[in-house]
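Input: a single structure, listed below in structure tokens.
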Amino acid sequence: MKHGLSGNKLNRQQSHRKATMRDIAKATILCQRICTTKAKAKEARKLVEQLITMGKKGTLAHKRQAFAVLQDHALVSSLFGTIAPLFAKRAGGYTRIIPWVKRRGDNAEMVFLELTEKRVEEKKEPKTAVKKSEAVAAPKKTEEKKTVEKKTAEKKAVEKKTADTKVADKKTSEKKGGVMKRMFGKRGE
36 MKHGLSGNKL NRQQSHRKAT MRDIAKATIL CQRICTTKAK AKEARKLVEQ
86 LITMGKKGTL AHKRQAFAVL QDHALVSSLF GTIAPLFAKR AGGYTRIIPW
136 VKRRGDNAEM VFLELTEKRV EEKKEPKTAV KKSEAVAAPK KTEEKKTVEK
186 KTAEKKAVEK KTADTKVADK KTSEKKGGVM KRMFGKRGE
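Using my numbering, read the sequence shown as starting at 36 and increasing by one per residue.
Structure (structure tokens):
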């Protein structure tokens, strides 16, 4: 009888099941949204929510427990530093499962497992302020670049023509030598 035993075995041995759940949890924390099967998502959701709860608590003991699961220092620090603070006001429900399609081949239900709160990555915009001396020098640089590009394009065209003529000369010389020269090389002469 199956009293007190819960969870899907996912048709794997314990070590493989554990590794699969760890990898899905790592990917979810890193990418914030992954595509997987429904059964794997339901199992991985438990682990991801536990890890985020550990991140919210933030003690050294919880960091060590999270590292025991994730086995990646950078991922643990991002979990505790950037992801867990996003969920500070939530009491639970850190992930959601969104149905997607059925997989072609085995007809497995595919879903998206994603975090409910997402971090926004700030993009650094390039500086637009230009000094007066650079503004005057900029047109000269673009003209110089154009001339350099023209010269390199001309060199490449000349090299291509010479390579084509060498190939054509080689083919004609092989035709002149006859069958014996092609078969036996210099010995056939």
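We put the beta carbon where it would ideally sit given N, CA and C, even for glycine.
These figures come from a predicted structure and were not determined experimentally.
Near the ligand ATP: residue i beta-carbon under 7 angstroms from a heavy atom
i: Leu150; result: Among the components of this structure there are no ligands whatsoever, and the ligand ATP is therefore not found.
Proximity below 8 angstroms, CB of residue i to CB of residue j
i: Arg80; j: Ile118; result: no
i: Gly116; j: Ala101; result: no
i: Leu45; j: Ala74; result: yes
i: Gln67; j: Glu156; result: no
i: Thr72; j: Ala143; result: yes
i: Val83; j: Thr151; result: no
i: Leu241; j: Ile64; result: This structure leaves residue 241 out entirely; the chain is present only between 36 and 224.
i: Val104; j: Ala54; result: no
Continuous alpha helix (DSSP H) stretch holding residue i: start and end
i: Thr226; result: Outside the modelled stretch of the chain, which goes from 36 to 224, sits residue 226, for which no answer is possible.
i: Lys137; result: Looking at the DSSP string, Lys137 is not in any alpha helix (DSSP H); the run it does join, the beta strand (DSSP E), is Thr130 to Lys137.
i: Arg57; result: Gln49 to Cys66
Status (buried if at least 16 other CB within 10 Å, exposed otherwise) for residue i
i: Leu40; result: exposed
i: Gly140; result: exposed
i: Lys37; result: exposed
i: Val146; result: buried
i: Leu95; result: exposed
i: Glu178; result: exposed
i: Glu184; result: exposed
i: Glu78; result: buried
**Asked** Residue ranges of each alpha helix (DSSP H) run of no fewer than 4 residues wholly in the stretch 93-118, ordered along the chain?
**Response** 95-105 and 108-113
**Request:** Say whether the stretch 126-138 touches the stretch 103-116, bearing in mind that this needs 3 or more beta-carbon pairs closer than 8 angstroms, one atom from each stretch.
**Result:** no
**Prompt:** Can we say the stretch 119-128 touches the stretch 48-63, given the rule of at least three CB pairs closer than 8 angstroms?
**Reply:** no
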